[in-house]
C-alpha cells in the first residue's frame, strides 16, 4: 500500500507542476495580449490623428496638471490655517495658566481648569501638520492611480474599436504597480513616491511596449 502511495505522489507532483506551468504560461500570454491591445490603441491614436483627439489629449493633460496644482495650493492653505488655530489654542492655555495660578486653592475655576488639564494630559494628542486627504491610505492610492486613470479616460473617449481590450490591458498591468506603490515606505521627499514613481512607471511601460512591438515587426 505504501509503495502505491509513494508512486501516486511521485506521479501527481509532475502533473501539478505542469498545470502550474500552463497556468503561468496562459497568464503571460494574456498579459502580452493586453500589452498589444494598449500598443494598438496608441498606434491608432497617432495613425488616425484628428484635431478632436489632439484637443482632448491636451485638455486632459491640462486638467490633470491643474488638479495637482489646485490640490497643492488647497492643502497648503488649510495646513497653515490648522497650524495657526492650534497655536492660538496653545497661547490661550498659557494665558489661562498664568491667571489660574493667582486664584486660591479652593477656587472652583482652578479645580475645573486642573481637571481639564488632567484630561488633556491623559489623551494622546497627535500634532500632524501633514496636508492631504482625510486618510493617508486614500491619498497614496489616489496618487498611484492617477496616471492610469488618466490613460483609461483617454482610451475611453478616443477609441471605439478595441476599447474593451485596451481598458482591460491597462487594468491588468496597472494593478500590481499600484499595489507596489501603495506599499512603498515613506520617504523624506514625497514627490518621489507621489509623482516620480507612478508617472515614471507608466512612461517606462509605454516605452517598453513600443520598443517590443517595433522589434516584433522587424
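In my numbering, the protein residues as written are 8 to 225. For glycine and all other residues, C-beta sits at the position ideal for the given N, C-alpha and C. Given the structure is predicted, the values throughout are model-derived calculations rather than measurements.
DSSP state of residue i mapped onto helix, strand, coil
i: residue 205; result: helix
i: residue 183; result: helix
i: residue 154; result: helix
i: residue 115; result: helix
i: residue 161; result: helix
i: residue 93; result: helix
i: residue 129; result: helix
i: residue 197; result: helix
i: residue 172; result: helix
i: residue 191; result: coil
Exposure of residue i, with buried meaning 16 or more beta-carbon neighbours within 10 Å
i: residue 192; result: exposed
i: residue 150; result: buried
i: residue 178; result: exposed
i: residue 204; result: buried
i: residue 173; result: buried
Closest residue to residue i among the options (Cα-Cα distance)
i: residue 183; options: 155, 214 and 70; result: 155
i: residue 74; options: 153, 114 and 116; result: 153
i: residue 69; options: 110, 161, 94 and 126; result: 161
i: residue 107; options: 195, 95, 93 and 122; result: 122
6 Å CB neighbourhood of residue i in its chain, flanking five on each side removed
i: residue 185; result: 151 and 152
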